[in-house]
Every structure is written in structure tokens, then in C-alpha cells.
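Inspection log for the structure reproduced underneath, given as C-alpha cells.
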Amino acid sequence: MGLDPNMIEAVLWLGVSALVLLVLLVARGREGVRSAETRQLSAFRDLRRVVGESAEKGGAIHIALGGGGIAGEDAMVSLAGFQLLEALAADLVSYHIPTIISVGDPTLLPLAQDVLRRAYEMRGLPDSYDPNQVRFVAPSPVAYAAGAAQFLESEDVVASVIIGAFGAEVSLIMEAASRRGISQVAAAAAPQAVGVLYPATEHLAIGEQLFAAGAQTSGLRRYVTSLEVQDVLRLVLIAAIPVSALVTYLRGSV
Amino acid sequence: MSFVRKWVSVLVASVVGIVVLLGSLLRANAWLVGARDVLVDWAIIVAGFALLLGILNVLSVHGGRVVRVRKEWGYSLALLISAAGLALVTAVQGPSAGSTQMLVDVVIVPVGAALAALVLFVLVGAVSRMLRVRRDATSLLFVFVVAIVLLGSTPLVDWEWLAQPPRDWIVNVLSLAGMRGLLLGVALGTVITALRALLLGDWPHER
Numbered sequence: 001m002g003l004d005p006n007m008i009e010a011v012l013w014l015g016v017s018a019l020v021l022l023v024l025l026v027a028r029g030r031e032g033v034r035s036a037e038t039r040q041l042s043a044f045r046d047l048r049r050v051v052g053e054s055a056e057k058g059g060a061i062h063i064a065l066g067g068g069g070i071a072g073e074d075a076m077v078s079l080a081g082f083q084l085l086e087a088l089a090a091d092l093v094s095y096h097i098p099t100i101i102s103v104g105d106p107t108l109l110p111l112a113q114d115v116l117r118r119a120y121e122m123r124g125l126p127d128s129y130d131p132n133q134v135r136f137v138a139p140s141p142v143a144y145a146a147g148a149a150q151f152l153e154s155e156d157v158v159a160s161v162i163i164g165a166f167g168a169e170v171s172l173i174m175e176a177a178s179r180r181g182i183s184q185v186a187a188a189a190a191p192q193a194v195g196v197l198y199p200a201t202e203h204l205a206i207g208e209q210l211f212a213a214g215a216q217t218s219g220l221r222r223y224v225t226s227l228e229v230q231d232v233l234r235l236v237l238i239a240a241i242p243v244s245a246l247v248t249y250l251r252g253s254v
Numbered sequence: 255m256s257f258v259r260k261w262v263s264v265l266v267a268s269v270v271g272i273v274v275l276l277g278s279l280l281r282a283n284a285w286l287v288g289a290r291d292v293l294v295d296w297a298i299i300v301a302g303f304a305l306l307l308g309i310l311n312v313l314s315v316h317g318g319r320v321v322r323v324r325k326e327w328g329y330s331l332a333l334l335i336s337a338a339g340l341a342l343v344t345a346v347q348g349p350s351a352g353s354t355q356m357l358v359d360v361v362i363v364p365v366g367a368a369l370a371a372l373v374l375f376v377l378v379g380a381v382s383r384m385l386r387v388r389r390d391a392t393s394l395l396f397v398f399v400v401a402i403v404l405l406g407s408t409p410l411v412d413w414e415w416l417a418q419p420p421r422d423w424i425v426n427v428l429s430l431a432g433m434r435g436l437l438l439g440v441a442l443g444t445v446i447t448a449l450r451a452l453l454l455g456d457w458p459h460e461r
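See the structure below:
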């Protein structure tokens, strides 16, 4: 009796899910902070320094979360951006750094506002929270990038953080920041965005490194464990590629 | 109370997520596929309300800048007037009327295309800046590869044989392999983040 290919796919998915869930559940039992020893990425390692510089200069920091809607295929990339935002928000509020968060999808707007509002409440400054610190710019990627670039010009921004779903249009934000000599930290998953960000900044997280944002910036155990699981599965994937190529080659030659 | 509220919302989000996931994986099960379609439709409706929030946010941010006469408030005023004009035309004529479509085709599309066309020039500018700031081996390699690909893509009459073969090899072998590796890594990160969100309720609003 042949199995339904969809069924096989589902079983595989659920099997991997169960494995990862098991590891995460074990880790969740021990909440807390620990360092992400698995790997250190310059993009996230220098982020605190960039925030510190913003505090010293007295300028604003711009965080671009991109156009990946929470209901779309880029939702997880945006979620990684939120992990970074959560980790940074406490410092931004504590140091009284003016913060502008731009989003290119309206579903990100209430979530980003919520993260920022909670950061203010946790520091006992609920009255200082301004929902207009989070700005929806435009639903089209190019218009979003052009609008976000405008914030760098008009709001005395001294540091720019780009993390989320972007394409080649991110170069408009990057160019505005470079022209003004603004410190830039970026993390992008799409190859088009990586290509244009590479010449602009040394602090660039590429591809799956973006998902290390939460672990690297907050050190929360659930993120660090998640990153460790990701690294293990990455090694498995790397090993599987030559093996599957060899098997395919041997089958073809028989 | 907040504990109960938190876990109820986590439970609802997780159950909905799992039903949508199973509906996408087990396409032979009509009930799951139907439930998935209904839930996705609800998500689209919620996203529609989010767009309304987004529009209010745009009006609030730019209205505030105009009222307080902040830096570059003129741009904000232009945006508000344009938005009001387009909304008025759309309300009177309807979204698919000729005049509404004309505003989109004559203003929005060309401006978007012009901005997109800037990307190449911006990239060339960024590369020249990079060469001034970072003169290491990887930067030089980056510039070398970009130069070969650009030359190979340029119609050099009678000289295509010089740059086109290395360009094709870079694009079809090196670049493609790198891109696949990148996308596999992203897929892995996406799956793990999705599992955390789906099964453990690890959303920003749940913490």
C-alpha cells in the first residue's frame, strides 16, 4: 500500500516539530539569561555600542522592521525583528533615546507599539510613551524604503538598525544613512537585500543569522536554546547535502 | 487573572496555528482544509483592520508634524493633501473608476518605478564608498565580481565572448549555489521560530 506523499510530508514535519519542541520545552523550564556561546555575530555584538553612542550624541535611533506582514510568508522574519526590538527597547527607554520604529506592513504596527509601550511601563514611565514613535509608512516596499529614508533626514537620527523583510529597495534607507554618516546595523534574509547591504555596513547579519538576533541581544535562555537547536539542525542539513548528492549520483550511475 | 488571560490567548493562537498548519500539510482532509480556509479568511479581515490603523497612524504622525511645524513639515502637508485628494476622488468616483486609476497610473506607478531604478546607482555609490573605507580582500572580491557581472550583462557588440562566459558561470553556478544555501538556512530559522511561536506562544504580545 503506497503512502500519500502529503502524509509523509506531514509526518516528517511533525517529527521534526516534536523533536524541536522537546528541546524547547526542556529549556523553557529554566527561564533566565545566559550568554549565546554558540556564535558571536558582529552585527548584534556591536548593537549595544551603537545604542550607547546614540545616547552620548543625544540623537534618535531608527529601527526599520521591514514589510513582512505577520500574516504573510515573511512573518517569522518580522518576528525575529521583534525579538531584537524587545531586547533593545529597555535600553532605549532607560537612556531616554528618542526612538523611531518604521514598519512597512500595518499588521506590524500594533505589535511594535505594544513592545514599546510595555518597555515604558516596565521602567515606570507609561506617560512618556508616544504611539507615534512607531510609524507605518507605506504598504509598497519601495515607498516604504523611501519614506523610512526620509526619517533619517528629518528626525536627527544618529543610528539606524535594519532588521526584517526587505528587498533591494533597502538600499534607499542604507544610502540615506551613509550620506549622513549614521552608524548602521543590518540583518536581512533575502539575497537581494544582503547584496545591497554588504557594501554599506560591516555590521551585517546574513540569512539565517537574522534569527540569532534574540539570542545575541537578550541572552534569554529560550532564544539561546533555539539558536543551539538551529545550529545542530544546520549541521545535519550540511551533512545531508553531500550525502543526498552522492546517493543521487550513485543511483544515476547504476 | 492575567495568567489565565495569557494562557487562554496562547492556547487559542496555538490551536489556530496548528489547524492552519495541518490544513496546509494534510490536503486530503477536507475538514482541515475547510477550517484552514475559514481561519485564513479571518486573518485577512483582521489585516484589513490593521490597514485602517496604519492609515490613522500616518495621519496622526504627519498631522502632528504639520501642527507643530516640525522640520520638513511641508512634505507632511503635501502627503496629507495628496491623501485627502485621492480619498475624495475614490469616494466620489469609486476605486475602479477611470480617474482613480489614472491617478495611480500617472503618479504612483511612475514614482515607484523611478525610485526602484535608483537602486543600481545607489549600489554603485555604496561600492565606491566601501572601497574608501574597507580595503580588504573580501571587499575587493565583491567589487571584482560585481564588475564582471555588470560587464557580462552589458551588450558589448563582438566582445560578448570576453565577459559573458564568466558572468554566466558566476550567476548560474556560484551565485545560485550561494543563494540556495542562504535560503536553506533561512528556511531552517523560519521553521524553528514558527515552532516556538506556534507551540509555545512565543509572540511579542504574549510576554
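Residue numbers (my numbering), protein chains in the order written: chain A, 1 to 254; chain B, 255 to 461.
For each residue, glycine too, the CB sits at the ideal point set by N, CA and C.
Everything numeric in this text was worked out from a predicted model, so none of it was measured.
query	result
Report the neighbours of A/L210 on chain B: residues whose CB is nearer than 9 angstroms to its CB, in chain order.	V440, G443
Would you identify the three-state DSSP class for A/V185, choosing helix, strand or coil?	strand
Kindly list, in the order they appear in chain B, the residues whose Cβ is closer than 7 angstroms to that of A/Q230.	L442, G443, I446
Excluding five sequence neighbours on each side, which residues of the same chain lie with their C-beta closer than 8 angstroms to the C-beta of B/W457?	A267, A451
On a Cα-Cα basis, can you pick out the residue from A/D156, A/S154, A/A148, A/V158 that is closest to A/S171?	A/A148
Exposed or buried, what is A/Y144 when buried is set at 16 or more other beta-carbons lying within 10 Å of its beta-carbon?	buried
Suppose you measure from the CA of A/E56 to the CA of A/R49; what does that come to, to the nearest Å?	10 angstroms
Does B/N426 get closer than 8 angstroms to chain A when you measure Cβ to Cβ?	no
Would you kindly report the start and end of the unbroken alpha helix (DSSP H) that includes A/R117?	108-122
Would you mind telling me which residues of chain A sit closer than 7 angstroms to B/K325, beta carbon to beta carbon, in chain order?	S154
What's the C-alpha gap between A/L233 and B/G271?	23 angstroms
With a threshold of 16 other CB atoms inside 10 Å of the CB of A/I238, please say whether the residue is buried or exposed.	exposed
Quick one: any contact between the region 56-72 of chain A and the region 196-208 of chain A, if contact means 3 or more CB pairs under 8 angstroms?	no
Can you list the residues of chain B that A/V196 reaches, using a CB-CB cut of under 9 angstroms?	V373, V376, L377, A380
Anyone know if the C-beta pair for A/I97 and A/V51 falls short of 8 angstroms?	yes
Look at A/G214 and A/L92 and say whether their C-beta atoms are less than 8 angstroms apart.	no
Under 8 angstroms, Cβ to Cβ, is there at least one residue of chain B near A/L79?	yes
Got a sec: is the Cβ-Cβ distance from B/L313 to anything in chain A below 8 angstroms?	no
Using 8 angstroms as the limit for Cβ to Cβ distance, is B/F396 near chain A?	yes
Would you check if the region 106-118 of chain A and the region 300-310 of chain B touch, i.e. whether three or more CB-CB distances between them fall below 8 angstroms?	yes
Check whether chain A comes within 8 angstroms of B/L215, counting only Cβ atoms and requiring the distance to be less than that.	Any answer about residue 215 of chain B is impossible in this case: the structure gives chain B only from 255 up to 461.
Rounded to whole angstroms, what's the CA-CA distance from A/A80 to B/L437? Just pull it up for me.	16 angstroms
Is A/H62 helix, strand or coil when you go by DSSP?	strand
Any residues in the region 325-351 of chain B with a beta carbon nearer than 8 angstroms to a beta carbon of chain A? Which ones, in chain order?	K325, E326, Y329
Do the region 167-185 of chain A and the region 372-392 of chain B touch if we need at least three Cβ pairs shorter than 8 angstroms?	yes
For B/S314, which option in A/I163, A/Q133, A/G207, A/S183 has the closest C-alpha, if you only look at C-alpha atoms?	A/Q133
Just the chain B side, please: which residues come within less than 9 angstroms of A/M122 by C-beta, in chain order?	Result: empty, since nearest Cβ-Cβ is about 11 angstroms, beyond 9 angstroms.
Span of the beta strand (DSSP E) holding A/G164?	157-165
Excluding the 5 residues flanking B/W327 on each side, which residues of the same chain have their C-beta closer than 7 angstroms to its C-beta?	R319, V320
Identify every run of the beta strand (DSSP E) within the region 368-422 of chain B, keeping only runs that are complete inside it and at least 3 residues long; order them along the chain.	none
Name the residues in the region 132-145 of chain A whose C-beta lies less than 7 angstroms from a C-beta of chain C; which are they?	Of the protein chains in the structure, A and B, none is chain C.
Helix, strand or coil for A/T248, going by three-state DSSP, please let me know.	helix
Using Cβ-Cβ distances below 8 angstroms, what residues of the region 168-179 of chain A are close to chain B?	A168, E169, S171, L172, M174, E175, S178
For the region 292-311 of chain B, which residues have a CB atom closer than 7 angstroms to at least one CB atom of chain A, in sequence order?	A297, A301, A304, L305, L307, G308, N311
With distances taken from CA atoms, which of B/D291, B/L416, B/V264 is nearest B/G277?	B/D291
Could you give the residue range of the beta strand (DSSP E) that holds A/A205?	204-206
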